[in-house]
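S.K.:
In the working numbering, the protein residues as written are 1 to 98.
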């Protein structure tokens with residue numbers, strides 16, 4: 001199962017199911033106020049699937065262009081999560097895991 005952000009476009013509501021099928025931007029003003037006008041939160045599809053293989057995920061999602069990557073997990077840390085984390089660290093992209 002994949003988890004993603006969904007709801008009224010503010011990115012605050014989570015759902016469980018097939019998850020995000022394509023990158024979706026969320027305006028952060030409802031979370032960060034006026035500072036949020038300069039912040040976009042991107043909900044990306046989960047990696048390690050046939051559509052989003054772990055070997056090309058970092059490149060395909062353009063993670064090197066992000067200021068920081070927040071990896072959300074449901075508590076089950078899998079081998080492909082380690083692969084993603086290692087790729088993010090190797091690319092020197094700041095990352096936080098929740």
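Built from N, CA and C at the ideal position, the CB exists for glycine as well.
Computed from a prediction, not measured in an experiment: that's the story for all the values here.
(1) Within 10 angstroms of its Cβ, does residue 57 collect 16 or more other Cβ (buried), or is it exposed?
(2) Would you mind reading off the limits of the beta strand (DSSP E) that contains residue 26?
(3) Would you grab the beta carbon distance between residue 47 and residue 84 for me? Rounded to a whole angstrom, and I think it's under 8 Å.
(4) Can you list, in chain order, the residues of its chain whose CB lies under 8 Å from that of residue 36, leaving out five sequence neighbours each side?
(5) In three-state terms, what does DSSP make of residue 31?
(6) Check whether chain C comes within 9 Å of residue 47, counting only Cβ atoms and requiring the distance to be less than that.
(7) So, is residue 87 buried or exposed, given that buried needs 16 or more other C-beta atoms within 10 angstroms?
M.R.: So, from the listed chains and residues:
(1) Sequence index remark: in the chain shown, residue 57 carries index 57 (1-based). Answer is buried; the Cβ neighbour count reaches 16.
(2) Position 26 of the chain shown, counting from 1, holds the residue named residue 26. For residue 26, the enclosing beta strand (DSSP E) begins and ends at 24 to 27.
(3) The count along the chain shown starts at 1 and reaches residue 47 at position 47. The count along the chain shown starts at 1 and reaches residue 84 at position 84. Their Cβ separation, rounded to whole angstroms, is 6 Å, which keeps residue 47 and residue 84 in contact under 8 Å.
(4) Walking along the chain shown from the start, residue 36 turns up at place 36. Closer than 8 Å at the Cβ level, and outside the excluded window around residue 36, lie 27, 28, 29, 30.
(5) Walking along the chain shown from the start, residue 31 turns up at place 31. If DSSP states are grouped into helix, strand and coil, residue 31 belongs with the helices.
(6) In the structure shown, chain C does not exist; there is a single protein chain.
(7) Here residue 87 corresponds to residue number 87 of the chain shown, with the count starting at 1. It counts as buried.
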